[in-house]
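As structure tokens, the structure follows; a few thoughts come after it.
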Amino acid sequence: KIIVFGSINIDLVTTTPRLPIPGETLIGNSFFTTPGGKGANQAVALAKLGIPTQIIGRVGNDNFGLELINNLKNCGVQTENIFIDETVNSGIAVITVGQKGENNIIVIPGANAKVNQEDINKLYPLLPTTNAILLQLEIPIDTVIQIAKIAQNTNIKIILDPAPAQILPEEIYPLIDIITPNEIEASQLVGFAVTGEETAAKAAEILLQKGVKCAIIKLGAKGVFCATKQESFYIPAFSVQAIDTVAAGDAFNGGLAAALFHQKPLKEAVNWGAATGALATTKLGAQSSFPDRITLDKFLIL
Ligand code: ADP
Numbered sequence: 002k003i004i005v006f007g008s009i010n011i012d013l014v015t016t017t018p019r020l021p022i023p024g025e026t027l028i029g030n031s032f033f034t035t036p037g038g039k040g041a042n043q044a045v046a047l048a049k050l051g052i053p054t055q056i057i058g059r060v061g062n063d064n065f066g067l068e069l070i071n072n073l074k075n076c077g078v079q080t081e082n083i084f085i086d087e088t089v090n091s092g093i094a095v096i097t098v099g100q101k102g103e104n105n106i107i108v109i110p111g112a113n114a115k116v117n118q119e120d121i122n123k124l125y126p127l128l129p130t131t132n133a134i135l136l137q138l139e140i141p142i143d144t145v146i147q148i149a150k151i152a153q154n155t156n157i158k159i160i161l162d163p164a165p166a167q168i169l170p171e172e173i174y175p176l177i178d179i180i181t182p183n184e185i186e187a188s189q190l191v192g193f194a195v196t197g198e199e200t201a202a203k204a205a206e207i208l209l210q211k212g213v214k215c216a217i218i219k220l221g222a223k224g225v226f227c228a229t230k231q232e233s234f235y236i237p238a239f240s241v242q243a244i245d246t247v248a249a250g251d252a253f254n255g256g257l258a259a260a261l262f263h264q265k266p267l268k269e270a271v272n273w274g275a276a277t278g279a280l281a282t283t284k285l286g287a288q289s290s291f292p293d294r295i296t297l298d299k300f301l302i303l
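Each residue of the sequence shown is one higher than the last, beginning at 2 in full-length UniProt numbering.
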């Protein structure tokens, strides 16, 4: 199975004609709440594609917590290892989506910031049946490093989505099988602007030198660049009518990991990621926008 070790949030979403500028009060179009968090999103993306998926993480002592666990269960994600932390509230993301699908996101980590060794201990009995662990940066970085270290001497693949953007400690790179930054995150990691295929290739080269086995740079509507020591390639984005790019990156990682779970070659796995990401941009919301396997298969043969 695949384990997602990461954040579980509730998204509070407003849709607006455009993103407000600092100090501006803007009349928006609509408001809704929806489950999110990069960890939960990636777990749901996998489960929707039919992959046996377990999430390890924390929610808080509010109504959101139970709602979030129920939602994950309903989506087919195994939730036995979600801990309800009575000392904090559940993670929250406040999201604004403009008319063209552009977005702004503020995250209040809450329970996600409390993930620690107790949660890591839940991993050990699961290791023999785990193919891959998906990580993001919405739980403490020490925990992320610890988990990657545990997986190092096993056959378990570590796929790190270095989001939200931050500079990573150098020790983490050699522990990572696949790193999947978007342009902003890649820019942060390498220290120059990554804005397309050419700069992505340079960034990927640096990430490989730092020790990752595979660097996949997500370039939004421009597609994706992928490099390993053996090969490198660029895949243009699928042409879709994007209305909301929230969680496109999470969808990508779900599609990528699902293909790898099915032993697909790297290029095909990146293509699954790109297709899953593209499909996610065609619907509003985070998890509700992810395709199921039938939808993905149909899209891929078009
Ligand atoms: P993030 O959501 O992390 O910012 P991206 O915006 O780069 O990540 O999106 C992830 C992937 O989803 C892209 O690499 C691409 O394959 C796909 N994608 C995103 N936006 C679009 C779009 N407008 N059209 C087609 N595919 C898209």
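Where a beta carbon is used, it is the ideal one built from N, C-alpha and C, also for glycine.
Measuring CA to CA, which of the options is closest to residue i?
| i | options | result |
| --- | --- | --- |
| Ile180 | Asn154, Val225, Thr155 and Ala94 | Val225 |
| Asn104 | Val247, Thr277 and Arg294 | Val247 |
| Ala252 | Ile302, Gly278 and Leu138 | Gly278 |
| Phe32 | Val14, Asn90, Ser290 and Thr282 | Val14 |
| Gln210 | Leu190, Leu220 and Lys219 | Leu190 |
| Asn72 | Thr282, Gln288 and Ile207 | Gln288 |
| Gly7 | Pro266, Gly24, Gly66 and Lys39 | Lys39 |
| Ala164 | Glu87, Asn156, Ala258 and Ile218 | Ile218 |
| Glu172 | Asp143, Leu20 and Ile4 | Asp143 |
| Leu127 | Asn156, Lys115, Ile295 and Asn117 | Asn156 |
| Ile151 | Ile121, Ile168, Asp293 and Cys227 | Ile121 |
| Ala114 | Thr88, Lys123 and Tyr125 | Thr88 |
| Ala260 | Thr26, Gly51, Asn64 and Ile168 | Gly51 |
| Asn10 | Gln264, Gly92, Ile28 and Leu20 | Gly92 |
| Pro266 | Ala249, Cys227, Ile295 and Leu297 | Cys227 |
| Gly66 | Pro110, Ile28 and Leu27 | Pro110 |
| Val5 | Leu27, Ala41 and Thr26 | Ala41 |
| Gly197 | Lys230, Pro237 and Pro170 | Pro237 |
| Ala112 | Asn254, Thr131, Pro141 and Leu124 | Pro141 |
| Leu235 | Glu199, Asp178 and Ala94 | Sequence inspection shows Tyr at residue 235; the Leu mentioned does not correspond to that position. Of Glu199, Asp178 and Ala94, the residue nearest in Cα terms is Glu199. |
Please confirm whether residue i and residue j have their CB atoms less than 7 Å apart.
| i | j | result |
| --- | --- | --- |
| Ala222 | Ala205 | no |
| Gly256 | Gly274 | yes |
| Ala166 | Glu139 | no |
| Gly102 | Ile244 | yes |
| Ala276 | Leu303 | no |
| Gln147 | Leu176 | no |
| Leu69 | Pro23 | no |
| Thr17 | Gly99 | yes |
| Val12 | Ile96 | For clarity, residue 12 is Asp in the given sequence; the question names Val instead. Yes. Within cutoff. |
| Leu220 | Glu269 | no |
| Ala258 | Ile3 | yes |
| Ala145 | Tyr174 | Here the sequence assigns Val to residue 145, which means Ala is not the residue at that position. No, the Cβ-Cβ distance between Val145 and Tyr174 is not below 7 Å. |
| Ala202 | Val195 | no |
| Thr291 | Lys49 | Note that residue 291 corresponds to Phe in the displayed sequence, not to Thr. Going by C-beta atoms, Phe291 is nearer than 7 Å to Lys49. |
| Asn30 | Asp63 | no |
| Val241 | Thr296 | no |
Give a yes or no on whether 7 Å exceeds the smallest Cβ distance from residue i to chain B.
| i | result |
| --- | --- |
| Val225 | No chain B appears in the structure shown, which is made up of a single protein chain. |
Which ranges does the beta strand (DSSP E) cover as unbroken runs of at least 3 residues, wholly within the segment 169-243, from first to last along the chain? You should have 215-219, 225-229 and 233-236.
Scan the segment 47-75 and note each continuous beta strand (DSSP E) run of 3 residues or more that stays entirely inside, going in chain order. 54-60
Given 8 Å, three or more beta-carbon pairs between the segment 43-56 and the segment 77-89: yes
Is the segment 28-46 touching the segment 67-77, taking contact as three or more C-beta pairs under 8 Å? With the cut-off at 8 Å, the segment 28-46 and the segment 67-77 touch.
Segments of 3+ residues assigned as beta strand (DSSP E) that fall wholly inside the segment 140-167: 158-161
Across the segment 128-145 and the segment 159-174, are there enough close Cβ pairs to call them in contact, namely three or more that are closer than 8 Å? yes
Quick check on the DSSP output: what are the complete beta strand (DSSP E) runs of length 3 or more inside the segment 232-296, in order along the chain? Runs found: 233-236.
Taking only runs of the alpha helix (DSSP H) that begin and end inside the segment 84-143, which ones reach a length of at least 4 residues, in chain order? The segment 84-143 contains these whole alpha helix (DSSP H) runs: 118-122.
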